[in-house]
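Trainee: By the numbering used here, the letter at position 55 of the sequence shown is numbered 55, and the numbering carries on one by one without gaps. Backbone N, C-alpha and C define an ideal beta-carbon position, used for all residues, glycine too. The structure presented is a predicted model; accordingly, all values stated were derived computationally and were not measured.
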Amino acid sequence: MTDLTIPQDADAAQARALVREHFEIGDVVEVRDAERTEDHQMDTTGEVTGFEPDYLEIDDQPLGEGSARYEEIQTVAKIESE
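1) So what does D33 bridge to, in DSSP terms?
2) For V28, tell me which candidate among E57, A12 and D11 has the shortest Cα-Cα distance.
3) Which residue from R20, G46 and L63 puts its Cα closest to that of E80?
4) Between the beta-carbon of I6 and the beta-carbon of A15, is there less than 8 Å?
5) Using the rule of at least 16 other Cβ atoms within 10 Å of the residue's Cβ for burial, across every protein chain shown, is T2 buried or exposed?
6) Who does E57 pair with in a DSSP beta bridge?
7) Using the DSSP secondary-structure output, state which residues sit across from S81 in a beta bridge.
8) Out of curiosity, what's the CA-to-CA distance linking G50 and T44?
Structure, rendered in structure tokens:
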């Protein structure tokens with residue numbers, strides 16, 4: 001399993017570069033939000049379908065419907081298929 005933790009001081013461009021360095025289109029990943037409170041949790045699982053300028057595209061979904069802004073990502077983990 002590949003796990004990537006985005007440094008807290010990373011901006012969106014740095015986070016995007018790190019994600020692109022560790023993952024590829026077609027990888028199945030779990031994305032966790034940096035803001036982990038009870039009323040605001042973003043755990044998204046799906047296939048990477050794009051590295052957009054402002055967000056990581058998951059399952060061809062637009063931002064707010066499954067994809068994640070780079071600056072809001074805390075961790076990305078690749079899920080290995082069995």
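Mentor: Taking the definition as stated:
1) I73
2) E57
3) G46
4) yes
5) exposed
6) G50
7) Answer is none; S81 lacks a bridge partner.
8) 15 Å
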